[in-house]
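Chemist:
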Amino acid sequence: KDLSGSWAMQAQMRGMPVDPEPTDEELKDAIWVVLAYRSQQRSGMMFPGDNQMGAKLKEHLDNGGSAVVILAPFSMGTGPDLSEALEPRGIKANTQAVIVHELLADDQQQGDPFDQARRLPFVFDITDYGDHLFTRPLRSLSSLLVPLVPVSTTQADGYTVTPILPIPKGMKTWGETNLEGLSRGDPPSFAEGVDVASPEYAGAVSESASGGRLVAIGSPMFMLDQYLEIPEPTLARRGRYVARFPGNAELFVNAVLWAAGQDTMLAISPAAMEVSRIRDMSSFELALARSVIVGAIPAAVLVVGLVVWVRRRD
Numbered sequence: 006k007d008l009s010g011s012w013a014m015q016a017q018m019r020g021m022p023v024d025p026e027p028t029d030e031e032l033k034d035a036i037w038v039v040l041a042y043r044s045q046q047r048s049g050m051m052f053p054g055d056n057q058m059g060a061k062l063k064e065h066l067d068n069g070g071s072a073v074v075i076l077a078p079f080s081m082g083t084g085p086d087l088s089e090a091l092e093p094r095g096i097k098a099n100t101q102a103v104i105v106h107e108l109l110a111d112d113q114q115q116g117d118p119f120d121q122a123r124r125l126p127f128v129f130d131i132t133d134y135g136d137h138l139f140t141r142p143l144r145s146l147s148s149l150l151v152p153l154v155p156v157s158t159t160q161a162d163g164y165t166v167t168p169i170l171p172i173p174k175g176m177k178t179w180g181e182t183n184l185e186g187l188s189r190g191d192p193p194s195f196a197e198g199v200d201v202a203s204p205e206y207a208g209a210v211s212e213s214a215s216g217g218r219l220v221a222i223g224s225p226m227f228m229l230d231q232y233l234e235i236p237e238p239t240l241a242r243r244g245r246y247v248a249r250f251p252g253n254a255e256l257f258v259n260a261v262l263w264a265a266g267q268d269t270m271l272a273i274s275p276a277a278m279e280v281s282r283i284r285d286m287s288s289f290e291l292a293l294a295r296s297v298i299v300g301a302i303p304a305a306v307l308v309v310g311l312v313v314w315v316r317r318r319d
């Protein structure tokens with residue numbers, strides 16, 4: 006259902022018939038997946054329905070409904086404002102910023118092109134999805150969540166609020182508000198009082214005491230086919246198709262299952278296990294592992310055997 010009205014306007018301009026959309030009554034009991042962003046063709050334009058999205062979502066949640074909200078950054082202050090639906094439930098999203106990290110040196114990332122892409126300031130290596138029922142099974146799965154919107158949590162009476170999608174530590178991070186410069190490829194720099202200092206999360210979960218569930222994920226396109234169909238390059242060269250970023254699909258599926266109350270179905274699919282969940286070892290780690298396996302373990306067995314032999318000889 007297009008609350009913005011843009012699809013109907015475009016269809017009318019082209020002389021195409023407009024397909025009937027479901028009514029509010031028909032949507033009442035559905036699990037909503039809310040795409041709170043517009044296409045590039047609509048960038049910078051406001052449609053009458055944009056202002057309705059927050060109110061419609063709030064009404065749905067107030068009536069005991071559940072939803073998965075996909076958030077996106079907006080430049081020039083445009084875009085649907087969902088704060089009236091999210092903030093009473095303890096979730097605050099800063100859609101005027103994109104989470105970035107300091108530039109990494111060329112020799113800090115090696116491997117396939119997507120490993121190299123992690124040097125870019127708005128690309129993160131997300132393998133920890135947070136401590137929640139539907140995110141715990143995903144730990145160590147690789148994902149491509151680009152870009153990320155800062156999401157924070159607050160205490161809300163009657164709701165259990167949990168942050169998810171923690172931002173990796175070990176490097177300087179902030180929420181960049183100069184989105185135009187970032188889109189041009191300008192190196193980002195932290196501006197005190199303007200940018201968001203050290204954002205910790207890019208998502209949150211809120212559960213009402215009455216049973217309504219809400220998931221907010223601050224990444225606009227992670228569940229689209231163009232991300233899900235990226236092949237794992239090593240296996241692709243062997244003629245096997247395996248998703249390079251299995252965490253993307255698993256995150257979306259588990260979010261919808263949890264919002265629907267299907268807790269017993271929360272897991273990861275067999276396809277997600279076809280990609281290694283263990284990161285590549287450095288030269289030092291590889292040498293240490295070899296020395297333990299080839300030297301230390303056999304030596305320990307010999308020592309134990311010698312002790313047993315000495316004791317039994319006496």
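The numbering of the sequence shown is my numbering, which starts it at 6 and goes up by one. In this text, a Cβ means the ideal position worked out from N, Cα and C, and glycines have one as well. The structure displayed is predicted, hence computed values, not measured ones.
1) Using 9 Å as the threshold, is the C-beta distance between residue 163 and residue 99 below it?
2) Buried or exposed for residue 94, going by 16 or more other Cβ atoms inside 10 Å?
3) Less than 9 Å separating the beta-carbons of residue 254 and residue 139?
4) Would residue 168 and residue 210 qualify as a contact pair, given that the criterion is a beta-carbon distance under 9 Å?
5) How is the alpha helix (DSSP H) around residue 155 delimited, first residue to last?
6) Name the DSSP beta bridge partners of residue 236, please?
7) In whole angstroms, what separates the C-alpha of residue 120 from that of residue 64?
8) Measure the beta-carbon distance from residue 155 to residue 204 and round it to whole angstroms, keeping in mind my assumption that it falls under 8 Å.
9) Excluding five sequence neighbours on each side, which residues of the same chain lie with their C-beta closer than 6 Å to the C-beta of residue 214?
10) Per DSSP, what are the beta-bridge partners of residue 97 in this structure?
11) Note down, in chain order, each residue of its chain lying with its Cβ closer than 6 Å to the Cβ of residue 270, except the 5 sequence neighbours on either side.
12) For residue 229, count neighbouring C-beta atoms within 10 Å of its own C-beta (all shown protein chains included) and say buried if the count is 16 or more, exposed if not.
13) Mark residue 73 as exposed unless 16 or more other C-beta atoms lie within 10 angstroms of its C-beta, in which case mark it buried.
14) Quick test of the definition: if touching needs 3 or more C-beta pairs under 8 Å, does the stretch 36 to 43 touch the stretch 185 to 194?
15) Output yes if chain D places a C-beta closer than 9 Å to the C-beta of residue 15; else output no.
16) I'd like to check one pair, residue 35 with residue 23: are the Cβ atoms closer than 9 Å?
17) Could you give the residue range of the alpha helix (DSSP H) that holds residue 303?
18) Which first and last residues belong to the beta strand (DSSP E) in which residue 141 is found?
19) Kindly indicate which three-state DSSP category residue 17 falls into: helix, strand or coil?
20) Less than 9 Å between the C-beta atoms of residue 78 and residue 225, yes or no?
21) If you follow the beta strand (DSSP E) that residue 197 is part of, which residue opens it and which one closes it?
22) Specify the secondary structure class of residue 70 as computed by DSSP and reduced to three states.
23) Considering only the beta carbon of each residue, do residue 1 and residue 198 sit closer than 9 Å?
24) Quick one: grab the DSSP three-state call for residue 271.
25) With DSSP collapsed to three states, give me the class of residue 106.
26) Within 10 Å of its beta-carbon, does residue 122 have 16 or more other beta-carbons around it, so buried, or fewer, so exposed?
27) How about residue 90 and residue 62: do their beta carbons lie closer than 9 Å?
Modeler: Walking through what the data contain:
1) no
2) buried
3) no
4) yes
5) From DSSP, residue 155 is part of no alpha helix (DSSP H); its letter is neither H nor E.
6) 248
7) 43 Å
8) 4 Å
9) 163
10) 157
11) 262
12) exposed
13) buried
14) no
15) The chain inventory of the structure shown lacks chain D, comprising one protein chain alone.
16) no
17) 302 to 318
18) First-last for residue 141: undefined, no H or E at that position.
19) helix
20) yes
21) Here residue 197 belongs to no beta strand (DSSP E), and DSSP marks it neither H nor E.
22) coil
23) Residue numbering for the chain in the displayed model covers 6 to 319; residue 1 lies beyond these limits and cannot be assessed.
24) coil
25) strand
26) exposed
27) yes
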